[in-house]
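Note sheet for the following structure.
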Amino acid sequence: MIIAMGLSMISGTRVLAAEEMNTDTKREDESEIITQPEETEVTNPETETKEETINENIDKNISNDDKITEDIALEVQKPMIQYVYVEKPNLQVGEKQKIVVSFSENIDADEVVLLYQKENSLDVLETNVTNEEDGAKEFDILFPNESDMGTYYIQGVKIYNGSEEIVYNFKEIGIDAKFGVEEYCETEPDAIVENADNSTAVSDEVGISVMSLDDEGNIEDNTEVEESVNKEINSENDIAVYSENTEKTAKPYVIVLDPGHGGYDGGANGNGVNEKDLTLKIAKYCKKYLEQQGNAKVYMTRNDDTYVSLAGRVDYAASVNANLFVSIHLNSGGGHGAEVYYPNSNYRSDIGSEGKTLAQSVQDELIALGIYSRGIKIRNSQDSKYPDGSTQDYYAVIQRSKRAGFPGIIIEHAFIDSTNDFSAFLNSDEKLERLGKADATGILKYLGIGKGEWKQENNGWRYQYTSGEFAINKWEYIDGFWYFFDGNGYRQTGFVEIAGIIYHFDSDGKMSIGWEKINGKYYYFSSSGAKQTGWVKPYDTWYYLNQDGVMQTGWLRFTDVTYYLDESGALVEGWRWIDGKCYYFKSGGSMARDTWIGDSYVDKDGVWIKGKVKENEWVQVGNEKWYRHADGSYTRSNWEKIDGKWYFFDQNGWLKRSCWVKPYDTWYYVDSEGVMQTGWLKLTEGTYYLDESGALVEGWRWIDGKCYYFKSGGSMARDTWIGDSYVDKDGVWIKGKVKENEWVQVGNEKWYRHADGSYTRSNWEKIDGKWYFFDQNGWLKRSCWVKPYDTWYYVDSDGVMQTGWLRFTDVTYYLDESGALVEGWRWIDGKCYYFKSGGSMARDTWIGDSYVDKDGIWIEGKTKNQAQWIKVGNEKWYRHADGSYTRSNWEKIDGKWYFFDQNGWLKRSCWVKPYDTWYYVDAEGVMQTGWLKLTEGTYYLDESGALVEGWRVIDDTMYYFRSGGSLRYSGVTTIMGTSRLGSTKNTVVDKLEKMYLKSGRIYPAYYSQYGGATTIREFCEIIYEEATDENIKPEVVFGQAMKETGYLQFGGDVQIEQFNFAGLGATGNGVHGNSFANIREGIRAQVQHLKAYASKDSLNHDCVDVRFGYVNRGSAPYVEWLGIKENPNKAGWAASSEYGIDLVEKYISPMYKL
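Position one of the sequence shown corresponds to residue 1 (UniProt numbering), numbered consecutively onward.
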């Protein structure tokens, strides 16, 4: 859905003529599209009342492009723009942008193009219409390359109708449309919408069209939404103001609230309620408070129990130009407290920073309610990337919001399955309202918005927000007016330059808009308040403001064009007496010079010359010419006889020269002077004849006693047959010449012409007793095979079809009496031969049970040998009884499997890999199974001979084979169960302590003071107690903690004060991970996380592992399986190679030897 706002009563205007465009000052500071005011009535300079209307004739001395017809000399009313629709404010590389421009009526035009321009580029780009319906033109623009990234401005549309061009400059008529490719871009209407109590009302010229696209992409009105929009516009709080160059931060912030889940997706559940119902209530309370307390426009992704996809939620936010996206959720999984997820710093670091600040602001308000703080967090994707190659955020709504150009956060308010959280924060509407209000307060504090009041001080007026802060160095929209506050927070008055733009504020600090008389001079300020210079057009009248912004009157002269502004400053058009002289100002205001206005002439100074009359004359304009009649008219699309010669003029009146012209379906030729030709015409491309009327001749024609033939198109035929008549190389018909069959040589090719001029194509022809074959174009085939009717034949170098034996260097064929290629058995001259498929004669081989010798002759009575091994040098192959052999495949011989390569040679003492699986054959070529010990390693081949990789149980022992099959490890170590270090606590703790002391590390002083374990022995005792409480082996917990922390020395992303001994939540890239209150809680979290992987048993203590719910329970019962790459379930603690195996070999097994 889109709400498109535009000035619906503004029509397009014609591009300025060359004479008018060459000025020092452009009408638009940033556009090459220059437009003019509409033309006014023309009156005779001789009558003071100016009552008689004159039709202005076109000045053909301007340029070729601006010469238009007399009947459209006065500018006509153009079709009016209703709305402009931009489908996506932001899109990615590879996507297509759809833009629709709707006109009030169908346009009868030759072509309509859209004009758009990339930011910081001087090139104005064009694209053509791809679809149109009911006055709406659709334009599609594809952005396939990364070089296309940037912000694009839609400048307008250009309409071509014959020689006329009409340009709509969107910026001039109040439409500011832009979009971004892989770049955040905010677009808002350049319009003011205020309530009736304020001094500015909605202009009658502002049209609001609410449109949508149906399922097939067609545009349709949406009356229901339009009524809703109109209702919103008439409410008190809706202000929509946008300036291209100055952002006024007090415009309403657009906030999209996203109640999590909905419809068939109930989300988490606990204590008899569903997450989807509570999140909707919290969101509604949050919306209510945001709208009451702040200058915010709030939308919700759902307002009832419906399902919305994750992509649909963010797409909706983008469609309403959201500033923030806040997704409201409840947690579950056995924990307690609140946490907020925000975007990482990749791709758009600014959005990551803003999201973090917003997340902390909301978390602070939730903590103030007494909720336990789980902190603010980011979560990175394991493998997905942003367009710049950096790691993407994990959560879809966060990463999609970042791509759309605004921060998105996820608020996990409390645990729905926690009895304490539910009773304290979730079990009543009153408590849910407190959560919604806390969310809203955090958002408002982040944005720094809310109702405030004026404060007068000695140095002036200041504005104080409800938060106690003052508006400083910013815009604020207060009670219907814009104000600007300087770096000290004081309201500005008079002329002020802000961000390179000059504004004016009255004595009360209110920003000036429109005309203002200041110190006796008139200035004009745009709807955004910017002081204007150059041309402006309020109320359909043009005015000019000098470089200081002061409105001008009287003569206005630029390098190549002159204007006149009356005493009110309005641009003059038409006839005007000035200082006793009469001048004519064209549509657009430029003064006419050295031209005719109707029957009146103005000289080079623009002064009307009374009494001067018109005469016929040729007019040269650059390389072009036209013929002006005495009354100023000229011939178009027709002939005119001038001084006894005929000339042709095109639709714009220009003389046609050195070319063919075709009025009334007949061709004529005009020479370099434009004179129509008759008689013979010799051109590079051929010879022609034009009759006495100049018309091009076709067909037979007698000329000067000789007969000629002119083909369709008029060129004279030469040296060819026309039916049964022949014309020679000069084109003259030769009477009495008759046709005969004959060979015709053309370069290296030949064809056979019959007496009637026809020839054979794609067929045989018998000529002089020999057969020849001609291709589809009639050319003779030579020295090649031909195959008409599914049978092969051979023609020699003369094209003659061959029969009998056909011998080449390495192959022999036989062609029967019809010339057909023989295949299969054939008796020839008392001997039997075999010709294979394709016709080649077989030699020295078996054909079934029959043998042919080296000359191809069947040897009667010869029988096959038995299958046998054949040794050739160092190679071997296996010949079957029929002479065939196996290639690129296995063959079982005498109960053993052998593999033969693509040439049939036996593979020996090597690995082979058919069908993506490795096998090994020994020195005899026999496929191996079971254990295989080679110099480079030990391998195991299953009963099929296939190489084993990964874990495999062999003779009741588990073995681990690396990728590639080499044996890496044997046996497994269970995570759960009784410790192998000893049967008593002291024995186990002694060995844990010994292992630490053996490392040579010193127990951290920090832990001696904080955390609850003053010595390494106390630390080991805590490990023993927590591990055995959950039936986890203490040595596994100890060994992992030492591996992850470097024997408690840390040094990575996790800090010593976090009491996080196993890197829980530390995902890299500077993410510190989870923090715990003390050593015991940190060890307990590690133990619980190990138990989650090792079994599906319930915990014996309350869960403190915030990541417990993320684990695939029971997926890693062995220490060796904690490495994801070595885990058959593709789950595990860490992604590093051989993580669990390394843990056993370096940290656990050594303890068993102490």
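Ideal placement from N, C-alpha and C gives every residue a C-beta, glycine not left out.
Query: Looking only at its own chain, which residues have a Cβ that is under 6 Å from the Cβ of Tyr834, when we skip the five neighbours before and after it?; Result: Trp825, Ala842, Ile847 and Val852
Query: Gln620 bridges to which residues according to DSSP?; Result: Lys625
Query: Rounded to whole angstroms, what is the Cα-Cα separation between Asn1031 and Thr1067?; Result: 28 Å
Query: If you reduce the DSSP assignment to three classes, tell me which class Trp779 lands in.; Result: coil
Query: With a floor of 3 residues, list each beta strand (DSSP E) that falls wholly inside the region 903-960, ordered by position along the chain.; Result: 910-912, 919-921, 930-934, 937-941 and 950-954
Query: With H, G and I counted as helix, E and B as strand and the rest as coil, what does DSSP make of Thr357?; Result: helix
Query: Taking Gly569 as the reference, give the member of Tyr543, Tyr1093 and Leu681 with the closest Cα.; Result: Tyr543
Query: Sorted by chain position, which residues of the same chain lie with C-beta nearer than 8 Å to Thr357's C-beta, five sequence neighbours on each side aside?; Result: Tyr446
Query: Please confirm whether Tyr372 has its beta-carbon closer than 8 Å to some beta-carbon of chain C.; Result: No chain C appears in this structure, which consists of one protein chain only.
Query: Counting pairs of beta carbons, one from the region 1020-1031 and one from the region 1129-1137, are three or more of them closer than 8 Å?; Result: no
Query: At 4 residues or longer, what runs of the alpha helix (DSSP H) sit wholly inside the region 437-514?; Result: none
Query: What does DSSP give as the partner residues of Gln117 in its beta bridges?; Result: Val124 and Tyr153
Query: Give me the Cα-Cα distance between Asp148 and Asp277, rounded to the nearest whole angstrom.; Result: 44 Å
Query: Starting from Asp393 and walking both ways along the beta strand (DSSP E), at which residues does that stretch end?; Result: Thr391 to Asp393
Query: Measure the alpha-carbon distance for Glu497 versus Ala471 and round it to whole angstroms.; Result: 18 Å
Query: Once the 5 residues before and after Ser203 are set aside, which same chain residues still bring their CB inside 7 Å of it?; Result: Confidence at Ser203 is low in this model, with a pLDDT of 32, below 50, so the placement of that residue should be treated as unreliable; the coordinate-derived value is given next. Nothing listed; no residue qualifies.
Query: By DSSP, does Ala1135 sit in helix, in strand, or in coil?; Result: coil
Query: Just confirm the distance between the C-beta atoms of residue 1160 and Phe422, as a whole number of angstroms; I'd bet it's less than 8 Å.; Result: Since the first residue of the chain shown is 1 and the last is 1154, residue 1160 is not available in this structure.
Query: If you draw a straight line from the alpha carbon of Tyr1139 to that of Gly1123, how long is it in whole angstroms?; Result: 5 Å
Query: Between which two residues does the alpha helix (DSSP H) carrying Asn986 extend?; Result: Lys985 to Lys998
Query: Whose CA, out of His261, Lys586 and Trp721, lies closest to the CA of Gly736?; Result: Trp721
Query: Could you tell me the alpha carbon to alpha carbon distance between Gly500 and Lys431, rounded to whole angstroms?; Result: 50 Å
Query: Just to confirm the assignment, what range does the alpha helix (DSSP H) spanning Lys402 have?; Result: Ala396 to Ala404
Query: Put Asp315 into one of helix, strand or coil per three-state DSSP.; Result: helix
Query: In the structure shown, what three-state DSSP assignment does Asn420 receive?; Result: helix
Query: On the CB-based measure, 16 or more other CB atoms within 10 Å of its CB, does Phe808 come out buried or exposed?; Result: exposed
Query: Would Asn295 be called buried (16 or more neighbouring beta carbons within 10 Å of its own) or exposed?; Result: buried
Query: Between the C-alpha atoms of Lys656 and Thr678, what's the straight-line distance to the nearest angstrom?; Result: 16 Å
Query: Which same chain residues, not among the five before or five after Asp1105, have their C-beta less than 6 Å away from its C-beta?; Result: Ala1085, Gln1088 and His1089
Query: Are the beta-carbon atoms of Phe1059 and Phe1076 separated by less than 8 Å?; Result: yes
Query: Output yes or no for whether 8 Å exceeds the beta carbon distance between Tyr83 and Tyr116.; Result: no
Query: Among the residues of its own chain, which have a CB less than 7 Å from the CB of Tyr1110, if the five just before and after it don't count?; Result: none
Query: Report the three-state DSSP secondary structure of Leu690 (helix, strand or coil).; Result: strand
Query: Based on DSSP bridge pairs, tell me the residues matched to His329.; Result: Glu412
Query: Report the rounded CA-to-CA distance for Trp639 versus Phe649, giving the unit in angstroms.; Result: 6 Å
Query: Please name the residue in Arg879, Ile443, Trp535 and Thr938 whose C-alpha comes closest to that of Ser361.; Result: Ile443
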